[in-house]
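As structure tokens, the structure follows; a few thoughts come after it.
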Amino acid sequence: MSSSQTFFQEILSTLEIANRHLKLPTAVYERLRVPRRSLIVSVPVQMDDGSVNYYTGYRVQYDFARGPAKGGIRYHPKVNHDEITALAALMTWKCGVVDIPFGGAKGGVACDPTIMSKGEIERLTRRFTYELGLIIGPESDIPAPDVYTDEQVMAWMMDTYSMMKGYSVPGVVTGKPICLGGSLGRNKATSSGLVTTVLEALKHLGMRIDGLTVTVLGFGKVGFHAAKILQDLGAKIIGVSDSKGAIYNPQGLDIDAVAAHKAKADTVQGFKDAENLTNEELLTIEVDVLIPAALEGQINLTNVNRIKTKILAEGANNPVTLEADEVLKANGVFLLPGILANAGGVVVSYFEWVQDLQRFFWNENEIDARLTTIMTKAFKEVLDIAQEKKVDMRTAATVLGVKRVADAVITRGLYP
Ligand code: GLU
12 MSSSQTFFQE ILSTLEIANR HLKLPTAVYE RLRVPRRSLI VSVPVQMDDG
62 SVNYYTGYRV QYDFARGPAK GGIRYHPKVN HDEITALAAL MTWKCGVVDI
112 PFGGAKGGVA CDPTIMSKGE IERLTRRFTY ELGLIIGPES DIPAPDVYTD
162 EQVMAWMMDT YSMMKGYSVP GVVTGKPICL GGSLGRNKAT SSGLVTTVLE
212 ALKHLGMRID GLTVTVLGFG KVGFHAAKIL QDLGAKIIGV SDSKGAIYNP
262 QGLDIDAVAA HKAKADTVQG FKDAENLTNE ELLTIEVDVL IPAALEGQIN
312 LTNVNRIKTK ILAEGANNPV TLEADEVLKA NGVFLLPGIL ANAGGVVVSY
362 FEWVQDLQRF FWNENEIDAR LTTIMTKAFK EVLDIAQEKK VDMRTAATVL
412 GVKRVADAVI TRGLYP
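For the sequence shown, the numbering used here assigns the number 12 to the initial residue and increments by one for each residue that follows.
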């Protein structure tokens, strides 16, 4: 994160840059600079030792002019209102970039799930869902997984909401287990979509996938699947990292073997066919594609100058600070911004929601094909704007996403 601006202020700065090209009517621009609705709740949780802890939970619905608010729920000690608002704004632009009929939202609870038992996480989830019951629903706001939440958390959310209603409501959350109305392909959707944008970028830059060198920062769901798909396509994953450290092998890592090692050791470090590095050391290794897939602000002024990559594909939401962005631009790095590159997750969330509402499920080939079509189109539209307006890819993606939201806001008009 930059030292001078909060995360949300950074998002507003990006919006301001986009608006230099969009020139929106002042009233509309001002509308898009504030969240439509924020709910802050206190979540009491009975801990395993019988005591009660109070956690603060948030849900920000940034805008829903284009359809129900949509976005993930994260459990992390650093969750706060500014961060959730920023991420909700990004979700709004993201749904605009890939042109799916959703507004944007984000939610989270400030807690450390890594030190909580499964029972404590379940009780936290159920009470948080109950508190959010005022504003979520398949027609109004549909949560999904994000940092440190998974399909089990979504199952508890779906169950709690359904108990409150008195009947099953699968469409209230996406990213659910398949047996509860989850969608095939949702688990790796963010990564598949990211790989589609990388392949399009390679075509645009005249590069080839065979022997392409890649490093992945963050070996969670998004990082693992991205590494795996790219490896299957012929790329060489030479480095990966997690919160505890990094590993490096210039000949390429066997991603399944790294995952098996991480499952036992709880870190990628110590993998037998690689050298241990610090996360900062890994950043200095020269590669063709760098994929930050952990938290926001991971690439900032302290480390950006050491990065030597041709393409940077944001698997995480805003892993690059605004100031670091300028350095990457000056160094000629081709950026695939998160609101484009990681939109595959919410695209398949959209498919899941449609399937739940229709009670009619699609096969994996249909899902993959539809996802690829949407991601390829979005990449092309963003690149066209970047070339036509002579702007970087982040500005171009923001211009596209915000324009779609603004068009809806303008066409709906002001109530009353
Ligand atoms: N948390 C994911 C994101 O940031 C997915 C959101 C969703 O599927 O609603 O895009």
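The beta carbon of each residue, even a glycine, is placed where N, CA and C say it ideally should be. None of the values given here were measured: they were computed from a predicted structure.
Between the alpha carbons of residue i and residue j, how many angstroms are there, rounded?
i, j, result
"LEU339", "MET58", "46 Å"
"LEU425", "ALA276", "56 Å"
"VAL300", "VAL45", "35 Å"
"ILE266", "LEU26", "38 Å"
"VAL54", "ARG137", "10 Å"
"THR313", "LEU294", "11 Å"
"TYR86", "VAL413", "28 Å"
"THR409", "LEU35", "13 Å"
"ALA29", "ALA407", "7 Å"
"GLU211", "GLY217", "10 Å"
"VAL39", "HIS272", "51 Å"
"LEU131", "GLY193", "Here residue 131 is Glu; the residue named in the question, Leu, does not match the sequence. The alpha-carbon atoms of GLU131 and GLY193 are separated by roughly 24 Å."
"SER252", "ALA304", "10 Å"
"LEU135", "PRO112", "30 Å"
"GLN398", "GLN366", "37 Å"
"THR125", "ASP395", "43 Å"
Please name the residue in the options whose C-alpha comes closest to that of residue i.
i, options, result
"THR155", "GLN242, THR409, LYS81, LEU244", "In the sequence under discussion, the amino acid at residue 155 is Ala, which differs from the Thr named in the question. Answer by Cα proximity: LYS81."
"ILE429", "MET165, PHE235, MET218", "Nothing about residue 429 can be reported from this structure: the residues present for the chain run from 12 to 427 only."
"ALA257", "ASP170, ILE95, ILE153, LEU228", "LEU228"
"LEU264", "ALA274, LYS273, HIS272, LYS247", "LYS247"
"LYS187", "ASP170, ILE318, GLU41, SER202", "ASP170"
"ASP336", "PHE371, TRP364, ALA354, VAL402", "VAL402"
"THR67", "PRO79, GLY78, ASP74, LEU50", "LEU50"
"ARG405", "VAL344, ASP367, LEU368, PRO112", "VAL344"
"GLY234", "ASN342, TYR178, ILE302, ILE249", "ILE302"
"THR201", "GLY231, ALA99, SER62", "GLY231"
Under 7 Å between the Cβ atoms of residue i and residue j?
i, j, result
"ILE84", "GLY118", "yes"
"LEU333", "GLU21", "yes"
"LEU191", "ILE378", "no"
"TYR69", "HIS32", "no"
"GLU291", "TYR259", "no"
"ASP152", "ALA116", "yes"
"VAL71", "VAL358", "no"
"GLU375", "ARG197", "no"
"VAL298", "PHE282", "no"
"GLY356", "SER203", "no"
"ASN64", "VAL56", "yes"
"ALA237", "LEU205", "yes"
"ALA121", "VAL90", "yes"
"ASP74", "THR37", "no"
With a threshold of 7 Å on Cβ separation, who are the neighbours of residue i within its own chain once the five nearest residues in sequence on each side are excluded?
i, result
"LYS255", "THR278, GLN280"
"THR208", "ALA324, LEU347, LEU351, ALA352, MET386, PHE390"
Which residues in the same chain as residue i place their Cβ atom closer than 8 Å to its Cβ, once the five residues preceding and following it in sequence are excluded?
i, result
"ALA76", "GLY114, VAL416, ALA419, VAL420, ARG423"
"GLY245", "ILE220, ASP221, GLY222, LEU223"
"GLY349", "LEU101, LYS105, GLU325, GLY326, ALA327, ASN328, ASN329, PRO330"
"TYR172", "THR140, GLY144, ILE147, GLY148, VAL180, VAL183, VAL184"
"SER24", "GLN16, LEU333"
"ARG317", "GLU291, LEU294, THR295"
"MET12", "A caution first: MET12 carries a pLDDT of 45, below 50, which makes its placement in the model unreliable, though a value can still be read off. Here the set comprises PHE18, GLU21, GLU307, GLY308, ASN311, THR332."
Taking 6 Å as the limit between beta carbons, can you name the residues of its chain near residue i, skipping five residues before and five after?
i, result
"LYS400", "HIS32"
"LEU288", "ALA257, TYR259"
Using 6 Å as the cut-off, classify the Cβ of residue i as near or not near the heavy atoms of the ligand MN, replying yes or no.
i, result
"GLY356", "As presented, the structure is devoid of the ligand MN, carrying the ligand GLU as its sole ligands."
Sequence ranges, alpha helix (DSSP H) only - wholly within the segment 43-127, length at least 4: 92-108
Secondary structure, beta strand (DSSP E): runs of 3+ residues fully inside the segment 225-291: 247-253, 256-259, 286-288
Whole alpha helix (DSSP H) elements within the segment 121-207, 4-residue minimum: 129-143, 162-176
Inside the segment 309-378 only - beta strand (DSSP E) runs reaching at least 3 residues: 320-324, 345-347
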